[in-house]
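So the sequence shown is numbered by the working numbering: it starts at 89 and just counts up by one.
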Amino acid sequence: EGGHDYDGRPIVPFDEIAMLRVARQIRAGGIRSVAIAAIFSPLDPGCEERARAILSEECPDASVTVSHRLGRIGLLERENAALLNAALIELARATITGFITAVRGVAAPLYLTQNDGTMMQAEMAAALPVMSFASGATNSMRGAAFLSGLTDAMVIDVGGTTTDIGQLRRGFPREANSVVEVGGVRTLFRMPDLLSIGLGGGSLVSADGISVGPKSVGYRLIEEGLVFGGNTVTATDVAVAAGLAEIGDKRAVADLPRNLVQRALDIVRTKIEDSVDKMKTDARELPLIAVGGGAFLVPDRLAGVSQVSHVPHGDCANAVGAAIAQVSGETDQVYRDLSRDEAIAAAEAQARERAIVAGAERGTLQTVDVEDIPLAYLPGNALRVRVRVAGEMASSTTQVSS
Numbered sequence: 089e090g091g092h093d094y095d096g097r098p099i100v101p102f103d104e105i106a107m108l109r110v111a112r113q114i115r116a117g118g119i120r121s122v123a124i125a126a127i128f129s130p131l132d133p134g135c136e137e138r139a140r141a142i143l144s145e146e147c148p149d150a151s152v153t154v155s156h157r158l159g160r161i162g163l164l165e166r167e168n169a170a171l172l173n174a175a176l177i178e179l180a181r182a183t184i185t186g187f188i189t190a191v192r193g194v195a196a197p198l199y200l201t202q203n204d205g206t207m208m209q210a211e212m213a214a215a216l217p218v219m220s221f222a223s224g225a226t227n228s229m230r231g232a233a234f235l236s237g238l239t240d241a242m243v244i245d246v247g248g249t250t251t252d253i254g255q256l257r258r259g260f261p262r263e264a265n266s267v268v269e270v271g272g273v274r275t276l277f278r279m280p281d282l283l284s285i286g287l288g289g290g291s292l293v294s295a296d297g298i299s300v301g302p303k304s305v306g307y308r309l310i311e312e313g314l315v316f317g318g319n320t321v322t323a324t325d326v327a328v329a330a331g332l333a334e335i336g337d338k339r340a341v342a343d344l345p346r347n348l349v350q351r352a353l354d355i356v357r358t359k360i361e362d363s364v365d366k367m368k369t370d371a372r373e374l375p376l377i378a379v380g381g382g383a384f385l386v387p388d389r390l391a392g393v394s395q396v397s398h399v400p401h402g403d404c405a406n407a408v409g410a411a412i413a414q415v416s417g418e419t420d421q422v423y424r425d426l427s428r429d430e431a432i433a434a435a436e437a438q439a440r441e442r443a444i445v446a447g448a449e450r451g452t453l454q455t456v457d458v459e460d461i462p463l464a465y466l467p468g469n470a471l472r473v474r475v476r477v478a479g480e481m482a483s484s485t486t487q488v489s490s
């Protein structure tokens with residue numbers, strides 16, 4: 089028993105005797121990874137921390153994940169995130185140890201990118217692996233912002249099999265406000281709001297040109313594509329035939345029927361226009377930044393788009409986004425007996441401190457996102473406030489070691 093109410097008041101006292109009994113059962117069962125979740129623990133982590141202390145004393149070899157370190161208030165999704173983290177933690181430690189070994193001797197700290205477009209220290213990534221998986225598309229969006237100089241725009245990242253479409257706000261990907269499912273499990277990770285479609289450089293083009301994708305040759309493009317000496321018509325072959333790209337042997341697609349090429353390009357245009365329209369939050373025309381290895385498939389003019397930017401080095405946007413990633417801090421709290429401005433100020437102060445602890449330079453911190461929701465039917469003018477801040481990594485010359 090334990091946990092807290094929405095305003096941080098204890099629901100019932102924490103049952104240390106029961107926790108001790110469970111810890112001994114865990115030790116007897118040889119369990120090596122444990123997840124702990126308590127009601128409203130992001131508001132008051134006391135119960136989770138006491139449970140962790142008991143587990144660490146009784147099971148010193150076990151890895152313990154406490155859900156309040158994973159962020160937001162929702163119990164079910166936070167509990168699921170803690171379970172996923174506990175399941176991944178041994179793999180994460182082995183993987184990150186490999187990274188550390190690979191860069192041993194480099195006079196620089198090691199950071200990993202997170203799935204919200206920022207980064208965290210390797211030690212934190214080893215403890216919280218769920219914060220770093222699926223960060224590829226996020227890195228591409230951050231890289232697109234850097235390469236284009238645009239901070240508010242749509243981004244399309246075209247790969248070999250799929251295309252991801254999202255929106256930049258203040259230089260960061262717009263976050264998904266709804267539940268994010270990972271492998272069919274409901275979570276509340278800070279992941280970008282993306283739409284993925286089956287379109288890429290390796291997408292198969294039907295013989296009559298009336299379908300492009302979702303099937304793809306994927307990484308086998310350099311073996312099966314016509315321009316690489318294969319016998320499969322792909323979106324890349326169509327683009328080369330139309331003069332949109334200079335890849336492989338152009339002579340191999342010289343005999344492709346012009347009407348097939350045009351029909352395929354029209355389908356690509358329609359898919360992109362429809363997808364961009366779905367991801368826009370209003371009717372305004374916005375600029376679109378095209379990145380990724382298959383960005384040549386994106387036309388220079390699109391309905392609902394004010395300007396299409398094919399940025400230099402767009403095929404490396406993912407790596408650029410990782411290299412320029414900032415350090416962030418987030419808080420998700422319920423405040424009572426405070427005005428809206430006072431509650432937001434309190435949340436910003438807490439988020440800033442968390443960012444500094446994570447390795448951010450205090451003077452560079454900026455507020456990236458603010459969301460406040462009045463909680464109806466609760467006393468004390470209750471207000472839920474979520475704030476995220478980000479800043480540059482604090483200068484450090486610490487040598488990477490194991």
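Cβ atoms here follow ideal geometry from the backbone N, Cα and C, with glycine treated the same way.
Reduced DSSP category for THR239 - H, G, I as helix; E, B as strand; rest coil: Taking the first residue of the sequence shown as position 1, residue 239 is located at position 151. If DSSP states are grouped into helix, strand and coil, THR239 belongs with coil.
If you scan the region 311-376 from start to end, which runs of the alpha helix (DSSP H) of 4 or more residues do you find wholly inside it? 323-329, 346-367
Given ASP245 as reference, the closest of ALA123, GLY289, ALA431 once Cα atoms are compared: As a working note, residue 245 is residue 157 in the sequence shown. Nearest C-alpha to ASP245: GLY289.
Thinking just about the alpha-carbon of each residue, which of LEU314, ARG372, ALA371 is nearest to the one in LEU344? Numbered from its first residue, the sequence shown carries residue 344 at position 256. Considering only alpha carbons, the answer is LEU314.
Closer than 7 Å: is that where the CB of ASN319 sits relative to any heavy atom of the ligand FAD? Questions concerning the ligand FAD fall outside what the structure shown contains, since it holds no ligand whatsoever.
So, using beta-carbon positions, are ALA383 and LEU353 closer together than 8 Å? The sequence position of residue 383 within the sequence shown is 295, counting from 1. The sequence position of residue 353 within the sequence shown is 265, counting from 1. Cβ distance not < 8 Å, so ALA383 and LEU353 don't count as in contact.
Helix, strand or coil at ASP204 [DSSP, three-state]: Stepping through the sequence shown from its first residue, residue 204 is reached at position 116. Coil at ASP204, not helix or strand.
Nearest to LEU374 by CA position, among VAL243, LEU426, ALA126, is which residue? The residue given as residue 374 occupies position 286 in the sequence shown. Ranking VAL243, LEU426, ALA126 by Cα distance to LEU374 puts VAL243 first.
Given 8 Å as the limit, is there contact between the region 246-254 and the region 425-442, that is, 3 or more CB pairs closer than that? no
Quick check on the burial criterion: 16 or more other C-beta atoms within 10 angstroms. Buried or exposed for ALA470? Numbered from 1 along the sequence shown, position 382 holds the residue referred to as residue 470. Looking at its Cβ environment, which holds 16 or more other Cβ atoms inside 10 Å, ALA470 is buried.
Grab me the residues of SER489's own chain with a C-beta within less than 8 Å of its C-beta, minus the 5 sequence neighbours each way, in chain order. Locating residue 489 in the sequence shown gives position 401, where the first residue counts as 1. No answer about SER489 holds up, because its pLDDT of 41 lies below 50 and its placement is not dependable.
What does DSSP give as the partner residues of TYR423 in its beta bridges? Walking along the sequence shown from the start, residue 423 turns up at place 335. LEU471.
As a quick exercise: from LYS359, LEU385, GLY392, pick the residue whose alpha carbon is nearest that of ASP370. Sequence index remark: in the sequence shown, residue 370 carries index 282 (1-based). Comparing Cα positions, the closest option is GLY392.
Run through the region 146-181 for me and flag every whole beta strand (DSSP E) of 3 or more residues, listed as ranges in chain order. 151-154
Buried versus exposed, by CB contacts within 10 Å (16 or more), SER155: For the purposes of this step, residue 155 is taken as the residue at position 67 of the sequence shown. When all chains shown are included, SER155 counts as buried.
Buried or exposed, going by whether 16 or more other CB atoms sit within 10 Å of the CB of THR485? Stepping through the sequence shown from its first residue, residue 485 is reached at position 397. The predicted position of THR485 is uncertain, since its pLDDT is 37 and thus under 50; a value taken from the coordinates is nonetheless stated next. By the neighbour-count rule (16 or more Cβ atoms within 10 Å), THR485 is not buried but exposed.
From GLY224 to ALA407, what distance separates their C-alpha atoms? As a first step, residue 224 must be located in the sequence shown, where it is residue number 136. As a first step, residue 407 must be located in the sequence shown, where it is residue number 319. Cα to Cα, GLY224 sits roughly 9 Å from ALA407.
If we call anything under 8 Å between Cβ atoms a contact, is GLY409 one with GLY231? In the sequence shown, residue 409 corresponds to position 321, counting from 1. In the sequence shown, residue 231 corresponds to position 143, counting from 1. Cβ atoms of GLY409 and GLY231: closer than 8 Å.
Helix, strand or coil for THR251? Go by DSSP, reduced to three states. The count along the sequence shown starts at 1 and reaches residue 251 at position 163. Note: THR251 maps to strand in three-state DSSP.
Inspect the beta-carbon positions of GLU480 and GLU441 and report whether they are closer than 8 Å. Your numbering for residue 480 matches position 392 in the sequence shown. Your numbering for residue 441 matches position 353 in the sequence shown. No, Cβ-Cβ distance for GLU480 and GLU441 is not below 8 Å.
Residue range of the unbroken alpha helix (DSSP H) whose run includes VAL408: Position 320 of the sequence shown, counted from the start, is the residue given in the question as residue 408. Element bounds for VAL408: 405-411.
Can you find the residues in the same chain that come closer than 7 Å, C-beta to C-beta, to GLY259, ignoring five residues on each side of it along the sequence? Translated into positions along the sequence shown, residue 259 becomes position 171. Around GLY259: ALA233, THR239.
Exposed unless 16 or more other CB atoms sit within 10 angstroms - verdict on GLY272: As a position in the sequence shown, residue 272 is number 184, starting the count at 1. Label assigned to GLY272: exposed.
Residue environment, VAL445, which counts as buried when at least 16 other CB atoms sit within 10 Å: As a first step, residue 445 is located in the sequence shown; it is residue number 357 there, counting from the start. Burial call: exposed.
SER363 and LEU283 look like a contact to me (Cβ under 8 Å); what is the Cβ gap, rounded to whole Å? Within the sequence shown, the letter at position 275 stands for residue 363. Within the sequence shown, the letter at position 195 stands for residue 283. So it is a contact: roughly 5 Å between Cβ atoms.
Determine whether the beta carbon atoms of ILE360 and VAL386 lie at a separation below 8 Å. For the purposes of this step, residue 360 is taken as residue 272 along the sequence shown, with counting starting at 1. For the purposes of this step, residue 386 is taken as residue 298 along the sequence shown, with counting starting at 1. Going by C-beta atoms, ILE360 is nearer than 8 Å to VAL386.
In the structure shown, what three-state DSSP assignment does ARG517 receive? In the structure as shown, the chain starts at 89 and stops at 490, and residue 517 therefore has no counterpart that could be examined.
Bridge-paired residues (DSSP) for MET481: By 1-based counting over the sequence shown, the position of residue 481 is 393. ALA448, per the DSSP bridge assignment.
Pull up the CB-CB distance for VAL356 and VAL270, whole angstroms please, since I reckon it's below 8 Å. Locating residue 356 in the sequence shown gives position 268, where the first residue counts as 1. Locating residue 270 in the sequence shown gives position 182, where the first residue counts as 1. That pair is no contact at about 29 Å.
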